[in-house]
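Notes to accompany the following structure.
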Amino acid sequence: EVENFGTVCLMAGGFATATIVPIARAMKAAGNHVITIVGARNKDLLFWQDRLEAVSDEFIVTTDDGSAGRKGVVTEPIKEKLERGDKIDRVIAIGPSIMMKFAALTTKPFGIKTIVSMNPIMIDGTGMCGCCRVSVAGQTRFACVDGPEFDAHAIDWDSFMSRQRTYVEEEKRSLEKCRCPETVE
Numbered sequence: 346e347v348e349n350f351g352t353v354c355l356m357a358g359g360f361a362t363a364t365i366v367p368i369a370r371a372m373k374a375a376g377n378h379v380i381t382i383v384g385a386r387n388k389d390l391l392f393w394q395d396r397l398e399a400v401s402d403e404f405i406v407t408t409d410d411g412s413a414g415r416k417g418v419v420t421e422p423i424k425e426k427l428e429r430g431d432k433i434d435r436v437i438a439i440g441p442s443i444m445m446k447f448a449a450l451t452t453k454p455f456g457i458k459t460i461v462s463m464n465p466i467m468i469d470g471t472g473m474c475g476c477c478r479v480s481v482a483g484q485t486r487f488a489c490v491d492g493p494e495f496d497a498h499a500i501d502w503d504s505f506m507s508r509q510r511t512y513v514e515e516e517k518r519s520l521e522k523c524r525c526p527e528t529v530e
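Quick note on the numbering used here: the sequence shown kicks off at 346 and runs consecutively.
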């Protein structure tokens, strides 16, 4: 959904930076004041800052370790803006589940519509397998067919994050089994 909302804050964590670039471009082209906040664990995991800076009115970088931008997480700058009374009309957050959950918790008291992009495990892309099930406003939705964008304030985050951990052991075994041997020369 792209239109002129007024002031839009885009939040990206980690590799979601790639996803937020075309959204920032589109929101800017629609006439919005675009605030972009990107975060990563460290400076080595940041990328495309120049692309986002070019289409953002405000561009903020955070890193967990403080190696680039300000030390902290992506939700801290928006919380500061909201607490001092800055007007933000729409928030779009894409990244790790925990980041999107805290984006929702941060914006909810201020009544700001917040959209997140849910990226659970998806197997068949038709909703039949049920792997991408998300509880939204008490209703079962499937990210592959009903989303992946949803109202962040309506998601049962605890249930979703619990489901995301379902295959952790299988993922570890698969990673070990498929890992290429390291060679030393």
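All residues carry an ideal CB built from backbone N, CA and C; glycine is no exception.
| query | result |
| --- | --- |
| For K432, the residue or residues it bridges with in DSSP | The partner list for K432 (beta bridge, DSSP) is empty, contrary to what the question assumes. |
| Alpha helix (DSSP H) segment containing I368, residue limits | 362-374 |
| Whole-angstrom distance between L390 and K517, CA atom to CA atom | 22 Å |
| Given R508 as reference, the closest of M467, A449, I433 once Cα atoms are compared | M467 |
| Local Cβ density within 10 Å of P367, reported as buried at 16 or more and exposed below that | exposed |
| Opposing strand residues paired with I380 [DSSP bridges] | C354, E403 |
| Assigned secondary structure, A438 (DSSP; H/G/I helix, E/B strand, else coil) | strand |
| Beta carbon proximity, P454 to chain B, threshold 8 Å | Looking for chain B here will not work: only one protein chain is present. |
| Alpha-carbon to alpha-carbon, F392 and F360 | 8 Å |
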